[in-house]
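Q:
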Amino acid sequence: MSVTFPGLLRFGDVGLLLLRLMVTVVFFDSGWHHLRDRAARSKSIGASTGFTVFLGAAEVLGSVGVAVGVLIQLAAIGLILLMLGAIQKKVFVWKIGFWGGRAYGWHYDLMLLEMCLVILLTGGGRFVLFGRLPLSQ
Numbered sequence: 187m188s189v190t191f192p193g194l195l196r197f198g199d200v201g202l203l204l205l206r207l208m209v210t211v212v213f214f215d216s217g218w219h220h221l222r223d224r225a226a227r228s229k230s231i232g233a234s235t236g237f238t239v240f241l242g243a244a245e246v247l248g249s250v251g252v253a254v255g256v257l258i259q260l261a262a263i264g265l266i267l268l269m270l271g272a273i274q275k276k277v278f279v280w281k282i283g284f285w286g287g288r289a290y291g292w293h294y295d296l297m298l299l300e301m302c303l304v305i306l307l308t309g310g311g312r313f314v315l316f317g318r319l320p321l322s323q
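Sequential numbering of the sequence shown, starting at 187, is according to this note's numbering.
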């Protein structure tokens with residue numbers, strides 16, 4: 187392995203924790219807004235109020251799971267599925283490009299999806315409470 191700064195590798199788990207906290211902030215805030223102003227959010231995303239509540243609850247619960255490391259891989263999978271749905275809606279329903287134009291593009295959603303994929307594949311690092319799926323060696 188060729189690494190420019192090998193001394194920084196020992197901070198990998200800290201980096202994963204910081205990544206998890208950023209994912210948490212974004213999803214928790216989005217989910218909270220879905221739950222707090224259901225009618226306006228459902229109108230803005232073109233979904234029923236019930237589905238908007240479901241999305242909000244899923245984002246809040248997923249973000250808490252990612253933050254504290256409770257069933258972290260399942261939480262990451264759930265958030266990945268939400269991002270796949272958001273990308274699908276932006277691309278095929280709203281016809282929004284990668285960078286956007288008249289609205290935010292789906293590059294943002296793809297970055298969040300990739301961040302959750304890193305969490306899924308690494309188990310979130312060392313700083314988790316419990317709930318990582320067993321990794322086979």
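Note that the Cβ used here is the ideal one computed from N, Cα and C, for glycine as well. Since the model is a prediction, treat every value here as computed from it, not as a measurement.
If you count every other CB in all the chains shown that lies within 10 Å of the CB of A261, and 16 or more means buried, which is it?
A: Label assigned to A261: buried.
Q: How many whole angstroms separate the CB atoms of G242 and H220, which I take to be in contact at a CB cut-off of 8 Å?
A: Indeed, because the Cβ distance is near 3 Å, the residues count as touching under 8 Å.
Q: Give every residue of the same chain whose Cβ lies closer than 6 Å to the Cβ of E245, excluding the five residues on either side of it in the sequence, and list them in chain order.
A: Closer than 6 Å at the Cβ level, and outside the excluded window around E245, lie F213, S216 and G217.
Q: Leaving out five residues before and five after G291 in sequence, what residues of the same chain have Cβ atoms less than 8 Å from its Cβ?
A: K276, I282, G283, F284 and W285.
Q: For A272, count neighbouring C-beta atoms within 10 Å of its own C-beta (all shown protein chains included) and say buried if the count is 16 or more, exposed if not.
A: Buried: at least 16 other Cβ atoms inside 10 Å.
Q: Under 8 Å, do G236 and L315 count as touching if we go by C-beta distance?
A: Going by C-beta atoms, G236 is not nearer than 8 Å to L315.
Q: What first and last residue would you give for the alpha helix (DSSP H) that runs through V250?
A: Segment T235 to V254, the alpha helix (DSSP H) holding V250.
Q: Could you tell me which uninterrupted alpha helix (DSSP H) segments, each at least 4 residues in length, are contained entirely in the region 267 to 323, listed from first to last along the chain?
A: Listed in chain order, they are 293 to 308.
Q: Compute the Euclidean distance between the alpha carbons of I263 and I231, then round it to the nearest angstrom.
A: Going from the Cα of I263 to the Cα of I231 covers about 22 Å.
Q: Taking DSSP as the reference, what is the three-state secondary structure of V211?
A: Three-state result, V211: helix.
Q: Looking at C-beta atoms only, is the number of pairs between the region 187 to 195 and the region 299 to 307 that lie closer than 8 Å three or more?
A: Touching, no, given that fewer than three Cβ pairs across the two stretches are closer than 8 Å.
Q: In or out: L204 buried (at least 16 other Cβ within 10 Å) or exposed?
A: Result: exposed.
Q: Go ahead and label A226 buried or exposed: buried means 16 or more other beta carbons lie within 10 angstroms of its beta carbon, across all protein chains shown.
A: Exposed: under 16 other Cβ atoms inside 10 Å.
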